[in-house]
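**Q**
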Amino acid sequence: GRAPQQQWSTRVSFVLAAAGAAVGLGNIWKFPYVAGENGGGAFILVYLACIALLGVPMLMAEVLIGRRGQQNPVNSMASLAQEAGASPAWKNVGRLGVVTGFLLLSFYVVVAGWALAYIPLTATGTFTSMQPPQIGQLFDGHLQQPLPLIGWSTLVLLLTLGIVGRGVRQGLEKAANLLMPLLFLFLLILVGYAATTGHFGDAVDFMFRPDFDKLSASGVLIALGHAFFTLSIGGGAMMIYGSYLSPQISIARTSILVAVLDTAAALLAGLAIFPIVFAYGLEPGGGPGLIFVTLPIAFGQMPFGTLFGTLFFLMLSVAALTSAFSLIEPAIAWLTEKRGMSRLQASVLGGSGIWLLSLGTVFSFNIGADWTLAGKTFFETLDYLISGWMLPLGGLLMALFTAWVMKPETTALELGGNSAGYRLWLLLIRFLVPVVILVIFLQAIGLIGL
Ligand code: PHE
Ligand code: NA
């Protein structure tokens, strides 16, 4: 096991840190726009089912590997494979996790940079004096220029490294204990504010009245992929956070709590955003610009829009930051434990790598705007590769490993005994999870049509 300084001091700290990893751009930026694009209620129902039936067991599997391995993802996978008498090649699953987190962070910092840029823009009342097309131009033009974008994403990265560099208790735990309650407080305030528009009922209808005619097969797949993305499954983040968890704490109960908090954050974000969108006759299906173009248009016209708009982008930035910590931590742990670096050295090296990679995303909006692969820009391709392939593949391999490679005695021990709950988990992780992920992959490469 790890030294106490390398462990969460309480169960609540783990839940908050893991919820910090889970609640991110996925909940507040991506969830509302994909739900909007895919018709609302029916999509959200499928998404909730995916979280409960697939997401929770997968989250438990990933945390379990970390908790039992007590090291960075690569070494944890290696030692658990050895314990089970399996091939050492399983450590590549840990490597995949580290690389996926690294790549994801390289474009996460860019989107988080926009969020950060919007705090001063909103606070100074920029949107109150602008016409809707100008707001669109601001986002498409100025904010996608290399210099401001590099500046803001570098700031996100520096803030991330400043916390992560301090270690588990002094950095990750302290930040989560402070920021996560604030995040939920801000969300609740914003839902209250959205309710004053008088369109709260429309939003509730849109989100919770399923109309299955509006849901396509591809919408189902998006709901599924997003359920993994939003819970941070398959990228090594939950594995490394699980490795800082002490043996007495229940993996099942904490994982369920993390999933509940993540789901609550997404639904609250929807309830904060959609009433505002509907009140101003705007479109919920506006795509990625929902948060950065549509919402500022509304904030620009609303009473107290400057105040609450600023609060909104502050909240979005906090959500993004606490996820960014978890995306670089697998690499930091690997560099310190396996390469013998100090946390500072690891942060500088890891941070520089992310920074260089992020330039790819930055320049794809400008000089590379016309470079497309199968009609997708670099930015979209990276997002698709990571959320559509790398995270589900990592998740699948972790599920298979805990389900079929680790001995049931070992997993039962980690999950608190051979109870009915344990047997349900085993059933889901052995059969339902792999079959569903395989179906997604076969569908994505066109071998089966849904
Ligand atoms: N769950 C995060 C979000 O919703 C994204 C993430 C994925 C973070 C994988 C860490 C690992 O934004
Ligand atoms: Na999330």
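In the numbering used here, each residue's number is its place in the sequence shown (first place is 1) plus 1.
All C-beta atoms in this analysis are idealised placements derived from N, C-alpha and C, irrespective of residue type, glycine included.
1. Leaving out the 5 sequence neighbours to the left and right, which residues in its chain are closer than 7 angstroms to L106 when beta-carbon positions are compared?
2. Starting from G306, trace the alpha helix (DSSP H) both ways and give me its first and last residue.
3. Mind checking whether I384 and F44 have CB atoms under 8 angstroms apart?
4. Quick check on this structure: which residue in P289, L296, L269 and G395 has the alpha carbon closest to the alpha carbon of A280?
5. Within the chosen definition, does the segment 28-42 reach the segment 287-307 through at least 3 CB pairs nearer than 8 angstroms?
6. Which residues in the same chain as G95 place their Cβ atom closer than 6 angstroms to its Cβ, once the five residues preceding and following it in sequence are excluded?
7. Are G396 and I234 close, meaning C-beta to C-beta below 8 angstroms?
8. Compute the minimum distance between the beta carbon of A23 and the heavy atoms of ligand 1, and state whether it is under 7 angstroms.
9. Less than 8 angstroms between the CB atoms is what I'm expecting for L358 and A347, so what's the real figure, rounded?
10. Between the C-alpha atoms of F15 and I241, what's the straight-line distance to the nearest angstrom?
11. Return the first residue and the last residue of the alpha helix (DSSP H) that S256 is part of.
12. Can you find at least 3 beta carbon pairs, one from the segment 145-153 and one from the segment 303-315, that sit closer than 8 angstroms?
13. Is it true that the CB of A113 sits closer than 8 angstroms to the CB of L322?
14. Could you have a look at W9 and say whether DSSP puts it in helix, strand or coil?
15. Can R424 and W405 be called in contact, C-beta distance under 8 angstroms?
16. According to DSSP, is R424 part of a helix, a strand, or is it coil?
17. By the 10 Å Cβ neighbour count, where 16 or more other Cβ atoms means buried, how is L448 classified, buried or exposed?
18. Suppose you measure from the CA of Q72 to the CA of Y245; what does that come to, to the nearest Å?
19. Taking P289 as part of the alpha helix (DSSP H), name the residues at either end of that continuous run.
20. Which residue comes first and which comes last in the alpha helix (DSSP H) that contains H227?
21. Less than 8 angstroms between C-beta atoms, sequence neighbours within five positions excluded: which residues of the same chain meet that for Q6?
22. Can N28 be considered in contact with ligand 2, in the sense that its beta carbon sits closer than 7 angstroms to one or more heavy atoms?
23. Less than 7 angstroms between the CB of F230 and some heavy atom of ligand 1, yes or no?
24. If you check the beta carbons only, do M208 and A22 fall under 8 angstroms apart?
25. Return the chain-ordered list of same chain residues with a C-beta closer than 6 angstroms to the C-beta of L97, the five sequence neighbours on each side being excluded.
26. Following the continuous alpha helix (DSSP H) through A196, name the residue where it begins and the one where it ends.
27. Can you confirm whether the segment 245-263 touches the segment 79-95 when touching is taken to mean that 3 or more C-beta pairs between the two stretches lie within less than 8 angstroms?
28. If we call anything under 8 angstroms between Cβ atoms a contact, is T403 one with A62?
29. For my contact list, A266 and N93 are in at a C-beta cut-off of 8 angstroms; report their separation, rounded to the angstrom.
30. Pick helix, strand or coil for T125, following the three-state DSSP scheme.
31. Helix or strand or just coil, what does DSSP make of F108?
32. Should P211 and G56 be called a contact, given that it needs their Cβ atoms to be closer than 8 angstroms?
33. Contact defined as beta carbons within less than 8 angstroms: I believe T307 pairs with T123. What is the distance between those atoms, to the nearest angstrom?
34. Exposed or buried, A116, counting other C-beta atoms within 10 Å across all chains shown (16 or more means buried)?
35. With distances taken Cα to Cα, identify the nearest neighbour of L144 among L180, S365 and G226.
**A** Taking the structure as given:
1. Here the set comprises A325, L328, I329 and I355.
2. Where G306 is concerned, the enclosing alpha helix (DSSP H) stretches over G306 to R340.
3. Inspection of the sequence shows that residue 384 is occupied by Asp rather than by Ile. Cβ distance not < 8 angstroms, so D384 and F44 don't count as in contact.
4. Residue L296 is the option with its Cα nearest to A280.
5. Yes: the two stretches touch, three or more of their Cβ pairs being nearer than 8 angstroms.
6. Counting only Cβ-Cβ distances below 6 angstroms, and skipping sequence neighbours, we find P74, V75 and M78.
7. The answer is yes: Cβ separation under 8 angstroms.
8. A23: yes, Cβ under 7 angstroms from ligand 1.
9. Rounded to whole angstroms, the Cβ separation of L358 and A347 is 16 angstroms, and the two are not in contact under 8 angstroms.
10. Cα to Cα, F15 sits roughly 11 angstroms from I241.
11. Taken as a continuous stretch (DSSP letters only), the alpha helix (DSSP H) holding S256 covers I252 to A280.
12. Too few Cβ pairs lie closer than 8 angstroms, so no.
13. In this structure, L322 places its C-beta atom within 8 angstroms of the C-beta atom of A113.
14. W9: coil per DSSP, three-state reduction.
15. No, they are not a contact pair.
16. Correct three-state label for R424: helix.
17. With fewer than 16 other Cβ atoms from the protein chains shown falling within 10 Å of its own Cβ, L448 counts as exposed.
18. Using only the alpha carbons, I get a separation of about 8 angstroms.
19. Taken as a continuous stretch (DSSP letters only), P289 belongs to no alpha helix (DSSP H), as it is neither H nor E.
20. A218 to T231 is the extent of the alpha helix (DSSP H) around H227.
21. The residues are G168, V169 and R170.
22. Within 7 angstroms of the C-beta of N28 there is at least one heavy atom belonging to ligand 2.
23. Yes; taking the cut-off as 7 angstroms, the Cβ of F230 has a heavy atom of ligand 1 nearer than that.
24. Between M208 and A22, the gap from beta carbon to beta carbon reaches 8 angstroms or more.
25. For L97, same chain residues with a beta-carbon under 6 angstroms away, outside a window of 5 residues either side, are G395 in chain order.
26. A196 -> alpha helix (DSSP H) spans K175 to A196.
27. Taking 8 angstroms as the limit for Cβ pairs, the verdict is that the segment 245-263 does not touch the segment 79-95.
28. Yes, Cβ-Cβ distance for T403 and A62 is below 8 angstroms.
29. Between N93 and A266 the Cβ distance is about 32 angstroms, and since that is not below 8 angstroms, they are no contact.
30. Three-state DSSP puts T125 in coil, outside helix and strand.
31. Collapsing the DSSP output to three states places F108 in a helix.
32. Going by C-beta atoms, P211 is not nearer than 8 angstroms to G56.
33. Yes, they are in contact, since the Cβ atoms of T307 and T123 sit about 6 angstroms apart, within 8 angstroms.
34. Under this definition A116 is a buried residue.
35. Minimum Cα distance to L144 is reached at S365.
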